[in-house]
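Every position in the sequence shown, counted from 1, becomes a number in our numbering once 249 is added. Every residue, glycine too, gets a C-beta built ideally from N, C-alpha and C. As structure tokens, the structure follows; a few thoughts come after it.
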Amino acid sequence: MLAELSAVELRRLIGAKAVSPVEVMRSSLDRIEALNPLLVAFCDMRPEAAMAEARAAEAAVMRGDVLPPLHGLPIGIKDMNDVAGLRTTYGSHLYRDNIAAEDEFIVAHLRRQGAIVVGKTNIPELGFGATSSNTLWGTTCNPHDPRYTSAGSSGGTAVALASGMVPLAMGSDFAGSLRTPASFNGITGIRPSAGTVANERRAFGFSPFNVEGPMGREARDARLLLAAMAGPLSLDPLSQRRDPGFDAPGTPDLSRLRIALSEDLG
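Right, here's the structure in full:
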């Protein structure tokens, strides 16, 4: 079942012509149609455009084009980031008709890396809150038990991944908004160091606290997305050159890694 495969594995299969981007997209859209009415991971969607882009991605594979790292992979974008033609509502009735004229930098960058935007993922109103609930789109529920919360503010992103709606999704983090939903939903979220992922709309000028970052069902998926997201931008005074270590192949040797755990922080 394609919905159960990692993003890394799906990308390998696409490159090997074993799976079509159209098949991957159809799997995602079918999964969203079946589960989203209950879970409310996605809000605004672009299914027809996403399928058209999947067909174009399939054609590129068949032509033998050089494929970018995220080629043909469906991705969810947090409803704090502009996607051309979709509403950026920030989970608020105040912005319910706020249609973006163009992609913001990180979305355009992910498209260049080959990702196909499926839609926007749900958040608490204005992105402030530890749950992903608002009166515009509804409450994002935990896929393991819908009676419980998905956490926030990247709750829609986390649930879209944990439920198999998409293989990749991005979020943002000011005070735990990538990490908390990841822990509640059993996936991986990475808060990158400030400037690793460029942000053209960095809040509070030079503030390092708000960052954009990846989520994935597996750690290697989050790494794949982080490698694609990373890079500099002249509009972001904190942005940094991309670390070439992101391209290191394989799994790192963890045999000598030591991890400390404090049960009481004492």
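| query | For residue 336, which beta-bridge partners are listed by DSSP? | reply | For residue 336, which the question treats as bridged, DSSP gives the partners 348.
| query | Which two residues bound the contiguous beta strand (DSSP E) that contains residue 315? | reply | Looking at the DSSP string, residue 315 is not in any beta strand (DSSP E), and its letter there is neither H nor E.
| message | Less than 7 Å between C-beta atoms, sequence neighbours within five positions excluded: which residues of the same chain meet that for residue 410? | response | 418, 436, 464, 465, 466, listed in sequence order.
| query | Excluding five sequence neighbours on each side, which residues of the same chain lie with their C-beta closer than 8 Å to the C-beta of residue 318? | reply | Excluding sequence neighbours, residue 318 sits near 260, 362, 363, 473, 476, 477.
| Hey, how far is the Cα of residue 374 from the Cα of residue 381? | So the alpha carbons of these two residues sit roughly 8 Å apart.
| Can at least three beta-carbon pairs, one atom from the stretch 382-395 and one from the stretch 440-449, be found at a separation below 8 Å? | The stretch 440-449 and the stretch 382-395 do not touch, with fewer than three beta-carbon pairs separated by less than 8 Å.
| query | First and last residue of the alpha helix (DSSP H) that includes residue 356? | reply | In the DSSP assignment, residue 356 falls within the unbroken alpha helix (DSSP H) covering 354-361.
| field | Inter-residue Cα distance where the pair is residue 303 and residue 489 | value | Here the alpha carbon of residue 303 sits roughly 32 Å from the alpha carbon of residue 489.
| For residue 376, is the classification buried or exposed, using 16 other Cβ atoms within 10 angstroms of its Cβ as the cut-off for buried? | It is buried - the Cβ of residue 376 has at least 16 other Cβ atoms within 10 Å.
| said: As an exercise, report each continuous alpha helix (DSSP H) stretch of at least 4 residues that is fully enclosed by the stretch 430-481, in chain order. | reply: DSSP runs (the alpha helix (DSSP H)) wholly in the stretch 430-481: 468-478.
| query | Between residue 387 and residue 325, which are expected to be in contact by the criterion C-beta below 8 Å, what is the C-beta distance as a whole number of angstroms? | reply | Residue 387 to residue 325, Cβ: 16 Å. No contact.
| task | Assign residue 418 to one of three DSSP states: helix, strand, or coil. | result | In the structure shown, residue 418 sits in a strand (DSSP, three-state: E or B).
| Do the CB positions of residue 404 and residue 372 come within less than 8 Å of each other? | Taking 8 Å as the cut-off, the Cβ atoms of residue 404 and residue 372 count as close.
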